[in-house]
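Take a look at the structure below.
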Amino acid sequence: MDEAFSFIFLMFAATLRVATPLVLCAMGGLFSEKSGIVDVGLEGKMLMAAFFAAATAAVTGSAWLGVAAAIAAAEAMALLHGFACITWRGNQVVSGVAINILAAGLTVVLGAAWFARGGQTPALESDQRLMPLFFPRAGDSILVYLALASVPLTWWLIARTRFGLRLRAVGEMPLAVDAAGISVAWLRYRAVLLCGLFAGLAGAYLSIAQNAGFSRDMTAGQGFIALAAIIFGKWRPFPAFGACLIFGLLDAVAIRLQGVEMPGMGEVPVQLIQALPYLLTMFLLAGFIGRAVAPKAAGVPYEKEH
Amino acid sequence: MSAPRRPLPAWAEIVALPLINIALAFVTVGIIVRIIGVDPFHALRLLVLGAIGSSEAIGYTLYYTTNFIFTGLAVAVAFHAGLFNIGGEGQAYIGGLGCGLAILAFDRFLPAWAMIPLAIAAAALFGAAWAAVPAWLQAWRGSHIVITTIMFNFVASALMVYLMVNVLIAPGSMTPQSRNFTASGKLPSMQEVLGAVGIQVAPSALNLSIVLAMFCCVGVWVFLWHTPWGYELRTMGHNPEAAVYAGTSLKRMTMLAMCLSGALAGFVGVNELMGVHQRIVLDFQAGYGFAGIAVALMGRSHPLGIVLAALLFGALQQGGAELAFDIPTITREMVVVIQGLIILFSGALAHLPRPWLQSLLARRA
Amino acid sequence: MAAIPAIELQGIQKSFGTVHAVRGVSLRIEKGAITGIVGENGAGKSTLMSILYGLYNADAGEIRVEGRAVRMENPRDAIAHGIGMVHQHFMLVGTFTVLENLVLGAEGGPLLAGGLAAARAELARLAREYGLIVDPDALVADLSVGEQQRVEILKVLFRGARILILDEPSAVLTPQETDQLFRILAALKQRGVTVVLITHKLREIMAVTDHVYVMRQGQIVADRRTADTSPEELAELMVGRKVLMQLDKAPKQPGEVLLQAEHLTLIDDRGVRLLDDVDLALRAGEIVGIAGVSGNGQTELLQVLSGIRAPTGGKLVVRGRTIDPRHPTDPAEMRDLGVAHVPEDRLRQGMVAAFQAAETSILGYQELEPFCHHYLMDGPAVGAHCAQLMERFDVRPRSPGLRSSSFSGGNQQKLVLAREMAREPKVLLVGQPTRGVDIGAIEFIHRELLRSRDQGCAVLVISVELDEILALADRILVMFAGRIVGEVPAGRADERALGLMMAGAGAA
Chain A
5 MDEAFSFIFL
15 MFAATLRVAT
25 PLVLCAMGGL
35 FSEKSGIVDV
45 GLEGKMLMAA
55 FFAAATAAVT
65 GSAWLGVAAA
75 IAAAEAMALL
85 HGFACITWRG
95 NQVVSGVAIN
105 ILAAGLTVVL
115 GAAWFARGGQ
125 TPALESDQRL
135 MPLFFPRAGD
145 SILVYLALAS
155 VPLTWWLIAR
165 TRFGLRLRAV
175 GEMPLAVDAA
185 GISVAWLRYR
195 AVLLCGLFAG
205 LAGAYLSIAQ
215 NAGFSRDMTA
225 GQGFIALAAI
235 IFGKWRPFPA
245 FGACLIFGLL
255 DAVAIRLQGV
265 EMPGMGEVPV
275 QLIQALPYLL
285 TMFLLAGFIG
295 RAVAPKAAGV
305 PYEKEH
Chain B
189 MSAPRRPLPA
199 WAEIVALPLI
209 NIALAFVTVG
219 IIVRIIGVDP
229 FHALRLLVLG
239 AIGSSEAIGY
249 TLYYTTNFIF
259 TGLAVAVAFH
269 AGLFNIGGEG
279 QAYIGGLGCG
289 LAILAFDRFL
299 PAWAMIPLAI
309 AAAALFGAAW
319 AAVPAWLQAW
329 RGSHIVITTI
339 MFNFVASALM
349 VYLMVNVLIA
359 PGSMTPQSRN
369 FTASGKLPSM
379 QEVLGAVGIQ
389 VAPSALNLSI
399 VLAMFCCVGV
409 WVFLWHTPWG
419 YELRTMGHNP
429 EAAVYAGTSL
439 KRMTMLAMCL
449 SGALAGFVGV
459 NELMGVHQRI
469 VLDFQAGYGF
479 AGIAVALMGR
489 SHPLGIVLAA
499 LLFGALQQGG
509 AELAFDIPTI
519 TREMVVVIQG
529 LIILFSGALA
539 HLPRPWLQSL
549 LARRA
Chain C
4 MAAIPAIELQ
14 GIQKSFGTVH
24 AVRGVSLRIE
34 KGAITGIVGE
44 NGAGKSTLMS
54 ILYGLYNADA
64 GEIRVEGRAV
74 RMENPRDAIA
84 HGIGMVHQHF
94 MLVGTFTVLE
104 NLVLGAEGGP
114 LLAGGLAAAR
124 AELARLAREY
134 GLIVDPDALV
144 ADLSVGEQQR
154 VEILKVLFRG
164 ARILILDEPS
174 AVLTPQETDQ
184 LFRILAALKQ
194 RGVTVVLITH
204 KLREIMAVTD
214 HVYVMRQGQI
224 VADRRTADTS
234 PEELAELMVG
244 RKVLMQLDKA
254 PKQPGEVLLQ
264 AEHLTLIDDR
274 GVRLLDDVDL
284 ALRAGEIVGI
294 AGVSGNGQTE
304 LLQVLSGIRA
314 PTGGKLVVRG
324 RTIDPRHPTD
334 PAEMRDLGVA
344 HVPEDRLRQG
354 MVAAFQAAET
364 SILGYQELEP
374 FCHHYLMDGP
384 AVGAHCAQLM
394 ERFDVRPRSP
404 GLRSSSFSGG
414 NQQKLVLARE
424 MAREPKVLLV
434 GQPTRGVDIG
444 AIEFIHRELL
454 RSRDQGCAVL
464 VISVELDEIL
474 ALADRILVMF
484 AGRIVGEVPA
494 GRADERALGL
504 MMAGAGAA
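Protein chains in written order, with our numbering: chain A, 5 to 310; chain B, 189 to 553; chain C, 4 to 511.
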């Protein structure tokens with residue numbers, strides 16, 4: 005019995021550990037997507053943030069300065085995205101792809117130039133990281149709790165405030181918002197900045213809480229899984245959170261299932277489980293498991309007709 | 189900020205604007221290079237020399253260019269149909285898988301002149317199939333093709349890792365790669381081919397697949413502008429209502445466009461696996477799919493422009509590798525940074541220089 | 004009248020590039036009355052009202068609200084002056100509830116709870132006062148079009164508007180919903196709200212307005228008290244006395260029936276009958292003209308006849324091939340059957356703006372000889388074909404290599420017509436043949452249509468210009484609300500009677 009509880013607890017903790025960056029990214033991405041700005045660049049923002057968090061923590065010795073740097077880096081990327089998409093009405097997908105590629109390259113270039121370890125930052129000591137608060141084996145640093153709190157916060161912001169109402173409106177019908185005399189661009193910029201904030205926290209978590217430093221490409225597609233979670237959660241905070249947990253659980257389970265024979269199927273390939281979040285999202289998009297309707301104005305640059 | 193976009197004169201649109209975009213990217217890179225303590229002009233010199241400074245360098249540049257041509261054409265064909273194919277990475281990967289599988293299956297039984305076309309066809313087929321699924325979802329279920337192609341890139345990755353580690357791995361190998369292809373599964377290198385006609389060049393990775401790339405350029409040009417399907421495809425991209433009026437089935441045209449796109453991307457596998465590695469390896473396609481977007485954008489989705497843009501990217505790749513070799517502080521990833529900036533300036537911020545260009549031309553008019 | 008008008012416009016001018024949409028308009032809107040502005044599509048009414056609402060800035064002229072001169076820079080200014088506009092295309096967020104839509108932009112504070120509660124109370128009050136009954140918690144996307152319109156009106160009243168502009172409100176309503184709207188407007192008027200009604204439907208003008216302005220080609224051509232006028236007079240003023248082009252028309256010799264439509268019905272997914280039991284026969288050597296105000300099913304009829312859309316009921320027989328819901332067709336097959344189609348909206352459907360003229364000149368025919376041999380297109384042949392078309396139809400400039408969008412409207416239309424007529428079709432369907440076309444080209448196009456008919460083609464012309472129908476048609480049909488409401492042989496056509504039928508006010 006004791007063993008069972010222990011196992012469940014560890015699985016739960018592992019799930020949360022993996023899900024935390026997903027949750028933070030997904031909440032951030034939600035703001036952007038809801039406002040009509042497609043954000044494929046979550047991955048890149050998170051990566052930049054992770055690098056700057058670890059680099060700053062290593063150099064200054066302060067984890068919190070690292071967090072601040074992470075947020076700043078992610079916001080810089082976010083503003084770039086906003087500038088390209090909102091002010092210059094560029095293609096949002098291309099901008100996101102560019103940011104991802106830029107981040108992948110820049111983090112290694114800067115890392116190699118500053119630390120000469122082939123792209124890695126120096127390993128961080130415990131006092132330079134955000135360590136677990138209550139359960140050392142569970143890895144519950146403060147960012148995990150922040151991530152959990154971010155879900156109801158995001159819900160509240162979107163559903164219960166004036167800002168949230170206008171945000172949702174601008175993602176569905178920017179014309180209505182414009183006709184009401186509200187600035188579409190300013191609303192979208194705020195959404196994009198919120199996205200940067202959360203992506204920054206997610207990146208910081210990766211390099212100074214979950215791990216002890218930055219290594220190249222450490223986001224490993226989690227930004228895209230967060231995007232998948234947003235879609236899977238039909239652009240709503242709590243369902244997206246649920247999707248993050250499912251995807252996190254899948255990841256935690258995948259390692260443990262390696263080498264284990266499942267009845268009737270033989271060994272389940274770990275890669276299948278890794279691909280599941282993407283496959284599930286595609287099933288959803290195909291309408292095979294309900295319908296996922298994106299904000300109507302998503303991806304379309306807003307142009308005043310006069 | 190809401191100024192309507194009056195088109196600039198043709199020469200400005202096709203030549204000046206892209207050049208300014210590239211210039212902006214390079215200026216930004218120069219700043220980054222300066223930040224990490226290197227003289228940008230010195231780095232630029234090394235870059236250029238590294239790309240075209242020797243026969244071997246040119247060979248490698250052209251070898252990289254080949255891949256960029258394939259993925260650039262792939263994205264361009266889809267663009268002409270009004271579709272955004274971001275799945276080039278996955279399609280190139282799976283196309284390579286198809287190519288490799290065909291060779292592994294038949295290379296012991298077939299001579300080269302039969303094996304090579306078969307492998308090329310397999311690459312096209314597999315690449316097309318990988319693109320067909322998102323295409324079907326878009327055409328029949330309305331699923332946004334951008335998201336499905338992104339997802340499918342990751343599925344391709346996972347699939348390839350699984351296959352390489354569990355199924356195709358060469359017996360006794362430590363790394364996930366297949367057994368080597370026999371001689372009939374190898375595309376002759378350009379050094380061999382040119383040597384056979386008496387032209388001496390340094391050995392490099394450049395192989396016959398560049399000829400395939402040229403064929404594809406011509407083929408795409410003929411298809412898009414000289415066949416009725418290409419006509420209907422372009423019509424759909426400009427104006428779906430007019431396409432319906434002209435008797436086109438939008439669904440079928442979506443499938444056709446994407447399958448062609450996937451097939452073209454799949455040819456990257458031909459270059460990499462048949463031309464260079466001579467066995468199936470992981471991640472041979474890394475980055476070409478995304479860079480193809482930049483190549484298509486810069487090349488204005490026209491085969492001629494794509495060749496030029498692909499040459500630029502190929503030179504960057506090769507020059508960047510040499511640069512990283514010469515200056516330890518600059519790693520290979522600098523090339524990635526440049527690529528990202530070019531995509532940014534040529535894609536998302538492509539219209540940035542417009543107002544400035546327009547006022548410049550107005551003043552001189 | 005000594006009373007200060009709610010709105011006074013003086014000398015308003017507005018041009019978009021070369022299009023002079025509003026030419027020196029002056030009018031007065033009396034307070035507490037319902038004023039109608041009536042005119043055909045393109046007359047300038049919507050542009051005028053958009054200027055009043057601050058969506059556009061006038062090039063010249065003055066706006067006075069309640070006697071004071073004002074500047075309308077954006078809708079916020081208009082709202083501040085108590086002007087509210089209900090647009091033809093609703094500006095509602097479908098995924099929001101009625102209450103949320105109401106409150107957007109006037110939430111009353113950073114947190115929604117208070118604002119929503121206040122809005123709910125206000126909504127109840129407005130419902131009581133004006134009879135605008137809507138469920139506050141219903142999702143707008145689930146509402147009927149009539150209910151959605153009510154939400155738009157409520158939005159405007161919620162912000163304290165005392166002057167309401169409605170732009171073609173009944174364009175999207177069923178007759179019953181229109182009646183409900185009238186009752187609401189009457190209630191508004193009773194409460195002293197000023198209403199401006201923009202429409203092209205004469206029934207509404209007669210039913211609700213106190214005063215009516217008639218606009219044509221950017222100008223006010225008439226100004227009447229509704230009680231002093233009649234639908235016939237308004238129809239005449241709207242349609243205008245253009246120069247009646249005298250065309251030499253040989254008496255027709257109608258031959259066999261080449262296209263027969265029986266009980267054609269088209270119902271959209273909202274259940275609206277876009278086409279209602281339409282019977283139509285097109286004979287060789289005859290021009291059938293369908294008159295009617297746009298929006299009464301003409302577009303849909305063309306779509307069904309050309310194969311773009313399948314009918315929901317009834318059938319179509321073309322040269323032996325029966326087309327019905329179970330045996331649908333497509334535009335390519337219809338072309339093979341000899342049916343050519345000049346669409347109503349040439350830029351959206353009949354051309355590709357970015358293509359060269361040569362490529363546009365084969366749109367729909369790209370797989371046929373001589374443009375295509377064994378799946379390879381023959382560029383020179385296409386160019387030669389285009390040059391030939393341009394020569395025959397006097398399309399200028401004579402450059403097959405020029406971008407299609409660079410041609411003037413008249414030349415574009417001539418090119419499209421030339422293309423469709425070049426293959427000597429058996430049936431020629433033409434929608435709005437001279438929309439946006441200059442006088443010289445109009446004459447040319449009309450002569451070509453007559454020539455086609457004389458050569459044995461069955462021609463169907465659909466136009467909102469009654470003069471055009473009168474000049475061209477051998478047989479005139481009138482469409483209203485998706486049905487054919489009248490048929491008159493050309494010799495016995497009476498403009499006034501036709502105008503009445505077009506307005507739905509009289510039956511043959």
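Ideal Cβ placement from N, Cα and C applies to all residues, glycine included.
Quick caveat, the model's predicted, so the values are computed rather than measured.
So residue i and residue j are in contact, right, with Cβ under 8 Å, and what is the actual spacing, rounded?
i, j, result
"A213/B", "F533/B", "5 Å"
"G48/A", "I103/A", "4 Å"
"G355/A", "Q275/A", "Because chain A here runs from 5 to 310, residue 355/A falls outside it and cannot be looked at."
"P241/A", "L34/A", "6 Å"
"S242/B", "V389/B", "Their Cβ separation, rounded to whole angstroms, is 10 Å, which puts S242/B and V389/B out of contact at 8 Å."
What residues in its chain sit with their C-beta under 6 Å from that of residue i, if we drop five residues either side in the sequence?
i, result
"L237/C", "L205"
Does the distance from the CB of residue i to the CB of residue j come in under 8 Å?
i, j, result
"F342/B", "G225/A", "yes"
"A453/B", "G477/B", "yes"
"T268/C", "G317/C", "yes"
"K192/C", "G35/C", "yes"
"Q222/C", "G27/C", "yes"
"V137/C", "R162/C", "no"
"V491/C", "I479/C", "yes"
"T98/C", "P139/C", "no"
"L188/C", "V199/C", "no"
For residue i, which of the options has the nearest alpha-carbon?
i, options, result
"S173/C", "P373/C, V89/C, M94/C, A144/C", "V89/C"
"V456/B", "I308/B, P228/B, I208/B", "I308/B"
"N368/B", "G493/B, G288/B, A390/B, V215/B", "G288/B"
"G260/B", "V334/B, S392/B, A320/B, V408/B", "V408/B"
"T285/A", "G386/B, T336/B, W328/B, V349/B", "T336/B"
"L46/A", "L84/A, G65/A, G70/A, T19/A", "L84/A"
"L102/C", "I15/C, E155/C, I166/C", "E155/C"
"Y419/B", "R438/C, M380/C, A287/C", "M380/C"
"L394/B", "C405/B, Q379/B, S366/B, G383/B", "Q379/B"
Return the chain-ordered list of same chain residues with a C-beta closer than 8 Å to the C-beta of residue i, the five sequence neighbours on each side being excluded.
i, result
"T249/B", "A239, I240, L499, G502, A503, Q505, Q506, G507"
"G270/B", "M424, G425, H426, P428"
"G291/A", "none"
Short of 7 Å in beta carbon distance, which residues of its chain neighbour residue i, apart from the five on each side in sequence? Order them along the chain.
i, result
"M209/C", "T229, P234"
Along chain D, in chain order, which residues have C-beta atoms closer than 8 Å to that of residue i?
i, result
"A430/B", "In the structure shown, chain D does not exist; the protein chains are A, B and C."
Measuring CB atoms only, is the region 530-544 of chain B touching the region 87-94 of chain A, in the sense that at least three cross pairs come out at less than 8 Å? Segments in contact, yes.
The region 310-322 of chain B / the region 272-284 of chain B touching (three or more Cβ pairs under 8 Å): These segments touch.
Taking 8 Å as the threshold, find out whether the region 373-383 of chain B comes into contact with the region 454-474 of chain B through three or more Cβ pairs. Yes, they touch.
Any contact between the region 433-441 of chain B and the region 329-338 of chain C? By contact I mean 3 or more CB pairs, one from each, below 8 Å. Because the criterion of three Cβ pairs below 8 Å is met, the region 433-441 of chain B and the region 329-338 of chain C touch.
Check whether the region 300-310 of chain C touches the region 420-438 of chain C, taking contact to mean three or more Cβ pairs, one atom from each stretch, closer than 8 Å. In the pairwise beta carbon analysis, the region 300-310 of chain C is classified as touching the region 420-438 of chain C: at least three pairs are separated by under 8 Å.
Please confirm if the region 202-209 of chain A is in contact with the region 22-38 of chain A, defined as three or more CB-CB distances below 8 Å between the two stretches. The region 202-209 of chain A makes contact with the region 22-38 of chain A, as at least three CB pairs between them are under 8 Å.
Check whether the region 270-286 of chain C touches the region 447-456 of chain C, taking contact to mean three or more Cβ pairs, one atom from each stretch, closer than 8 Å. Contact annotation: the region 270-286 of chain C does not touch the region 447-456 of chain C, with fewer than three C-beta pairs closer than 8 Å.
At least 3 beta-carbon pairs within less than 8 Å: the region 357-367 of chain C vs the region 392-405 of chain C: Short answer: they touch.
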